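Novice: Sharing a structure below in structure tokens format, with a few things to ask.
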Amino acid sequence: MSIECRGVWKLYNDLMVIRDFSLKIDVGSCLAVVGPSGSGKTTLLRVLGLIDKPTRGDVFLDGEAVSSMVEKDLAELRWLKIGYSFQEPKLIPNLSVVENVLLPFFPRYKWFEIVNVKKKVIELLDMLGLEGLYKRKTRDLSTGQKKRVDLARALIKDSPILIADEPTVNLDRETARIVIEALKNNVEKGRTVIFSVTMDDELLKIANKMVKLEIGRHQIIK
Amino acid sequence: MQEVRFLSVLRIALSKLIKDKTWTLLQVGLITLTLTFFSIIVPLTLSLNQIMKRYSEFSINLIEVEPKASHKTEIYLPSYPVTMNELRAFENLTLRWYKKGLFFTEDDVNRISQIDGVKKVVRVQQFNLCFNLTKYGEYLRDLGLEPPEGYKPPEIIRTSVFCLEVEKVQGVLAYFNNIIEGRFLEPGENGTVVISYAEMIPPELMGGLPFGEGKVPEKVYFIIGNVTYEFSVVGVVVADPFKVQSIADLSYMRELIIKEFKPLTDHPVFLDFYTRVFVLCESVDDVIPVAKAIRDIYPEAGVYFQAVQSRMIVEILKTFTSTYNFMAISTFVVTVSVALLARVVEVRRKKEEIGLLKALGWRDRDILLMVVSMSVFIGLISGGLSVVVSLVVGYYLRLFLMPDLPRTHPTIQYELEAVFEVLVRRLPDVRFLVLAPFVGVLISVVGALLMSVYILRLTPADALKEG
């Protein structure tokens with residue numbers, strides 16, 4: 041699934057975070073968004089992930105403009121097309137690891153279908169080094185563990201577009217390697233992968249396209 | 014388009030409630046408190062207002078007059094006999110007392126009626142009737158009681174009957190009859206009677222028995238002359254504070270008695286004797302002048318009224334009721350607001366969570382379903398708990414609220430006590446208990462929806478922002 045920005049601006053009150061940003065990401069591409077803190081990486085990813093709306097301009101999924109869509113259709117797109125991993129893990133603290141990963145499925149799947157997905161969740165959690173933590177409440181996890189649970193939730197849906205905001209930040213080298221491997225697998229499966237990164241050469245290696253953001257400016261590097 | 018998977022959302026909602034137990038319990042506690050107020054304070058306030066109105070309207074202007082203050086009425090009760098000996102005794106005594114002026118007559122009633130400020134005079138005849146205890150076993154069976162082992166009820170006992178012009182005391186006695194058992198001794202309901210527990214149950218059985226509603230016989234039987242008359246029980250009063258054991262319509266009772274004694278044309282039953290009268294004044298300001306006028310005419314009469322005390326009680330009740338109304342309304346508003354606010358705050362606290370769910374592809378209706386189902390769970394639990402709490406609180410409140418009213422007017426004193434007894438018996442009100450779970454759900458859902466609808470209008474990114 042291709043994703044494209046055309047003339048996207050994003051302002052928070054008087055603060056301009058993204059200025060006239062245009063970019064097309066083809067199906068199966070892997071885009072790295074790099075830049076210092078405050079350069080608008082997270083904002084851009086949220087706009088691309090349909091979590092935030094641009095102040096001006098539009099985002100197109102497979103050529104279809106999303107600005108004209110109502111909230112119900114946007115929710116469908118988020119469910120069907122996008123897996124999103126947050127920079128600061130967004131989890132429901134009183135729910136278990138497995139329940140947090142399964143969150144997107146509850147309003148869409150019958151209970152027995154969810155039970156089937158649970159097996160896949162366990163495999164994914166094992167792959168991300170979270171074995172044995174399935175029933176633990178996420179409020180009791182370390183930051184790195186939370187980060188991986190958040191990523192697992194983005195990966196579990198096998199969405200055509202995977203967006204990860206600073207996926208290796210706050211992770212130790214070994215865990216970062218596992219995460220990079222997971223992203224790489226998704227790229228190899230032909231999914232569109234977009235991630236932001238501040239400084240991680242290993243992560244950058246998997247990207248075939250890169251955009252560098254500075255405050256109010258951007259530059260497509262490759 | 015896929016449909017919402019209700020059960021899956023309900024399960025995750027329940028899981029969230031259980032795992033977030035501190036907040037859940039806090040909200041359940043607040044809503045339970047609200048509903049308990051709802052089922053206790055509101056009916057109590059309504060009943061108080063009703064009593065206040067009735068008491069002011071009907072009881073304050075009433076004077077009770079006995080022919081001789083020094084005489085004890087029950088000693089002078091004429092007795093309608095079932096044996097020849099009693100017949101003679103009755104004739105002798107009644108005639109003697111009548112001649113001595115120990116009863117009011119029709120002349121007296123007319124004289125009192127002409128006093129300025131008198132609205133109407135209610136005639137009362139009290140006399141003894143013989144009570145057929147052969148039917149007694151049936152009463153006990155109706156009550157679900159068994160007499161003590163070895164107890165042999167006497168064949169016949171006397172019971173005192175308080176016969177009055179029922180149609181004239183609507184709003185006083187009839188009103189209280191109505192309150193007592195939800196029935197009404199209407200004018201024209203001739204074959205009816207209000208009876209006391211004591212009439213049915215011997216002292217040996219009185220102690221410790223649960224005299225609840227539903228243990229009252231539907232019929233009683235009076236023997237007048239040689240005929241047994243059947244009466245429908247339309248009201249039951251507690252026996253102790255009031256010596257009269259049955260209350261019936263005067264004209265009907267006289268009709269029956271005259272019918273039985275007709276062959277004896279010179280029988281004293283035809284005399285116009287009244288053991289007491291009730292004088293209803295035009296207004297409370299007329300009570301003292303009328304009472305003085307009656308005293309002037311009948312220096313030995315027992316004149317009972319409670320104008321000063323009534324006013325005082327009415328004033329106290331007014332103040333009490335106004336304060337109570339204010340307290341009840343404000344407490345109710347505050348508690349409902351707090352309960353609503355608790356739900357609003359709870360959902361506001363979950364703003365980030367709702368933002369996350371939106372970001373993960375939950376539709377607004379999915380989120381609303383989860384919020385509403387959590388609210389319904391909380392509301393139902395609170396409603397159920399409030400029923401239990403209300404029953405417990407109501408029980409102790411009943412014990413606490415029984416008033417010790419000043420004893421200035423024998424009959425009215427009795428009536429007020431009866432009313433208060435009924436008032437607290439209705440705590441908590443069954444209607445409110447039935448409504449409580451629904452109101453709990455309503456408060457909970459409305460509180461949650463107020464904030465949810467606001468949050469759902471935000472983009473996921475805005476909802477995810479902290480603060």
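Taken in sequence, the protein lines are chains X and L. If you read the first sequence in the working numbering, its first letter stands for residue 41, the second for the next number, and so on. If you read the second sequence in the working numbering, its first letter stands for residue 14, the second for the next number, and so on. We put the CB at the ideal spot given by N, CA and C, even for glycine. As the structure is a computational prediction, the values presented were derived from the model and not from experiment.
(1) If we ignore side chains and look at the alpha-carbon of each, how far apart do Gly75/X and Leu84/X end up?
(2) Quick check: is the beta carbon of Trp119/X nearer than 8 Å to any beta carbon in chain B?
(3) Just confirm the distance between the C-beta atoms of Cys45/X and Ser69/X, as a whole number of angstroms; I'd bet it's less than 8 Å.
(4) Alpha carbon to alpha carbon, how far is Phe116/L from Asp129/L?
(5) Using 8 Å as the limit for Cβ to Cβ distance, is Val485/L near chain X?
(6) Which residues, in chain order, does the region 338-367 of chain L contribute to contact with chain X at a C-beta distance below 8 Å?
(7) Would you identify the three-state DSSP class for Val95/L, choosing helix, strand or coil?
(8) So, for Asp475/L: in the same chain, excluding its five sequence neighbours on each side, which residues have a beta-carbon less than 8 Å away from its beta-carbon?
(9) Measure the beta-carbon distance from Ile301/L to Val78/L and round it to whole angstroms, keeping in mind my assumption that it falls under 8 Å.
(10) Please state the DSSP three-state secondary structure of Lys93/X.
(11) Nearest-angstrom Cα distance between Lys159/X and Gly374/L?
(12) Where does Leu477/L sit, in a helix, a strand or coil, going by DSSP?
(13) Who are the neighbours of Glu139/X on chain L, taking C-beta pairs under 8 Å?
(14) Specify, as a first and last residue, the run of the alpha helix (DSSP H) that Met464/L falls within.
(15) Out of Ile380/L, Gln139/L, Leu269/L and Ala26/L, point me to the one whose CA is closest to Ser465/L's CA.
(16) Roughly how many angstroms lie between the CA atoms of Pro91/L and Gln139/L, to the nearest whole one?
(17) Within 10 angstroms of its Cβ, does Leu223/X collect 16 or more other Cβ (buried), or is it exposed?
(18) Whose C-beta lies closer than 6 Å to the C-beta of Glu365/L among residues of the same chain, with five residues either side of it excluded?
(19) May I ask you to report which of helix, strand or coil DSSP gives Ser286/L?
(20) Quick one, are the C-beta atoms of Phe345/L and Val55/L less than 8 Å apart?
(21) For the beta strand (DSSP E) that Ile2/L lies in, which residues bound it at each end?
(22) DSSP beta-bridge partners for Gly315/L?
(23) Report the three-state DSSP secondary structure of Leu202/X (helix, strand or coil).
(24) Using the DSSP secondary-structure output, state which residues sit across from Val292/L in a beta bridge.
(25) Between Ala461/L and chain X, is any beta-carbon pair separated by less than 8 Å?
(26) For Ala115/X, count the other beta carbons within 10 Å of its own beta carbon; 16 or more makes it buried, fewer makes it exposed. Which is it?
(27) With DSSP collapsed to three states, give me the class of Thr232/X.
(28) Report the residue from Leu462/L, Tyr409/L, Gly392/L and Val443/L whose alpha carbon sits nearest the alpha carbon of Pro450/L.
(29) Distance check for Arg193/X and Lys81/X, CA to CA, integer angstroms please.
(30) Kindly list, in the order they appear in chain X, the residues whose Cβ is closer than 8 Å to that of Val22/L.
(31) Assign Gly220/L to buried or exposed, taking buried as 16 or more other Cβ atoms, counted over all protein chains shown, within 10 Å of its Cβ.
(32) Out of curiosity, what's the CA-to-CA distance linking Gly453/L and Ser388/L?
(33) From the DSSP secondary-structure annotation, give me the bridge partner or partners of Leu101/X.
(34) Return the CA-CA distance between Val66/X and Leu211/X, expressed in angstroms with no decimal places.
(35) Identify whether Phe175/L lies in helix, strand or coil by the three-state DSSP scheme.
(36) Between Leu369/L and chain X, is any beta-carbon pair separated by less than 8 Å?
Specialist: Taking the definition as stated:
(1) Whole-angstrom Cα-Cα distance: 12 Å.
(2) Looking for chain B here will not work: the only protein chains present are X and L.
(3) So it is not a contact: roughly 13 Å between Cβ atoms.
(4) C-alpha separation (whole angstroms): 23 Å.
(5) Outside the displayed span of chain L (14 to 480) sits residue 485/L, for which this structure offers no information.
(6) Of all residues in the region 338-367 of chain L, those with a C-beta nearer than 8 Å to a C-beta of chain X are Glu365 and Glu366, reading in chain order.
(7) Legend: pLDDT at Val95/L = 45, less than 50; position of this residue unreliable, value from coordinates given subsequently. Correct three-state label for Val95/L: coil.
(8) These residues qualify, in order along the chain: Gly368.
(9) In fact, because the Cβ distance is near 14 Å, the residues do not count as touching under 8 Å.
(10) Correct three-state label for Lys93/X: coil.
(11) Between Lys159/X and Gly374/L, the alpha-carbon positions lie close to 22 Å from each other.
(12) In the structure shown, Leu477/L sits in a helix (DSSP, three-state: H, G or I).
(13) Neighbours of Glu139/X on chain L, chain order: Ile25 and Ser28.
(14) Taken as a continuous stretch (DSSP letters only), the alpha helix (DSSP H) holding Met464/L covers Val443 to Leu469.
(15) Per the C-alpha coordinates, the member of Ile380/L, Gln139/L, Leu269/L and Ala26/L positioned closest to Ser465/L is Ile380/L.
(16) Interpretation of Pro91/L is limited by its pLDDT of 48, a score under 50 that renders its predicted location unreliable; the figure taken from the coordinates is listed afterwards. If you take the alpha carbons of Pro91/L and Gln139/L, they lie about 8 Å apart.
(17) In summary, Leu223/X is buried, with 16 or more beta-carbon neighbours lying within 10 Å of its beta-carbon over all protein chains present.
(18) Correct list, in chain order: Leu477.
(19) It is worth fixing the name first, because residue 286/L is Phe in this sequence and not Ser. Of the three classes helix, strand and coil, the one that applies to Phe286/L here is coil, per DSSP.
(20) Result yes, Cβ atoms of Phe345/L and Val55/L sit closer than 8 Å.
(21) With chain L represented from 14 up to 480, any question about residue 2/L goes unanswered, as that position is not in the structure.
(22) Gly315/L is bridged by DSSP to Glu79/L.
(23) It is a strand residue.
(24) For Val292/L, which the question treats as bridged, DSSP gives the partners Ile76/L and Val134/L.
(25) So, not an interface residue.
(26) Result: buried.
(27) It is a strand residue.
(28) Of Leu462/L, Tyr409/L, Gly392/L and Val443/L, the residue nearest in Cα terms is Gly392/L.
(29) Straight-line spacing of the CA atoms in Lys81/X and Arg193/X works out to 21 Å.
(30) Simply Phe146 and Pro147.
(31) Because Gly220/L carries a pLDDT of 49, less than 50, the predicted location of this residue cannot be relied on, and the following value inherits that uncertainty. Exposed, because fewer than 16 other Cβ atoms sit within 10 Å of the Cβ of Gly220/L.
(32) Roughly 9 Å between the two C-alpha positions.
(33) Looking at the DSSP assignment, Leu101/X forms a beta bridge with Ile43/X and Glu104/X.
(34) At residue 66/X the sequence reads Asp, which differs from the Val that was named. The alpha-carbon atoms of Asp66/X and Leu211/X are separated by roughly 29 Å.
(35) In this structure, Phe175/L counts as strand in the three-state DSSP scheme.
(36) Output row for Leu369/L: interface = yes.
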